[in-house]
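Read through the structure below, which is laid out as structure tokens, and then see the notes.
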Amino acid sequence: GFGMKVKPGVKYYLVAEQWIDLFQMFLQTTEAARPPPIDNRPLLLSSAWGDDVDGQLIYDPLDLSQPKVPFSWVAEDDYMELKKEFGGGADISVVVLSPDSPTQKLLQVYVNRQPAKGSASYRGRLEGSTDPP
């Protein structure tokens, strides 16, 4: 990720780290090919796992315990520019909610503007840093 601070109530987008790596290579060298359209399929379960899970996130966006998470958090304006320039998807938007109570949903997740099936909210608390990976 790019190390930005996550702010409650602000919309972010998740982008597969594989695509972010291609984009960074493109920016850093004149020899790198233009990245293909954004491809977030590695972040989502497909109907191959069963129709009831199609479109669910594989990863909990709040789980910062993994050594290297397979996605980056991207600010909404930046994502819209990337989407305009490169196309692709799926669009996975994330809004961090203000953690006023331990039972409150801390995250709203939408895939292509629809609530992500079975994963529309996560209740885990951020431990330690609120910087996304």
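In short: position in the sequence shown from 1, add 277, done, that's this note's numbering. All C-beta atoms, glycine included, are put in the ideal place defined by N, C-alpha and C.
Closest residue to residue i among the options (Cα-Cα distance)
{"i": "P338", "options": "V386, G365 and V287", "result": "V386"}
{"i": "L320", "options": "L374, A367 and V373", "result": "A367"}
{"i": "L359", "options": "L374, V283 and W296", "result": "W296"}
{"i": "V346", "options": "L334, D354, M357 and P314", "result": "L334"}
{"i": "P312", "options": "Q343, G365 and L374", "result": "G365"}
{"i": "D298", "options": "F363, S349 and V388", "result": "S349"}
{"i": "P314", "options": "D340, E362 and E294", "result": "E362"}
{"i": "D316", "options": "S342, Q305 and E294", "result": "E294"}
{"i": "D354", "options": "Y336, S370 and D340", "result": "S370"}
{"i": "R318", "options": "Y356, M357, S342 and Y336", "result": "Y336"}
Limits of the unbroken alpha helix (DSSP H) element including residue i
{"i": "L299", "result": "E294 to Q305"}
{"i": "D355", "result": "E353 to F363"}
Neighbourhood of residue i by C-beta distance below 6 Å, restricted to the same chain and skipping five residues each side
{"i": "V472", "result": "One cannot answer for residue 472 here, as it falls past the ends of the chain, which runs 278 to 410."}
{"i": "V351", "result": "Y290 and V292"}
{"i": "K282", "result": "none"}
{"i": "A309", "result": "M302 and F303"}
Host beta strand (DSSP E) of residue i (start-end)
{"i": "S370", "result": "I369 to V373"}
is_contact[residue i, chain C] using C-beta, thresh 8 Å
{"i": "Y289", "result": "Judged by its chain identifiers, the structure shown contains no chain C, having just a single protein chain."}
Cutoff 8 Å; reference residue i; Cβ partners in own chain excluding five residues on either side
{"i": "G286", "result": "V372, V373, L374 and S375"}
{"i": "K284", "result": "V373"}
Same chain, Cβ closer than 7 Å to residue i, neighbours up to 5 away in sequence not counted
{"i": "F300", "result": "P312"}
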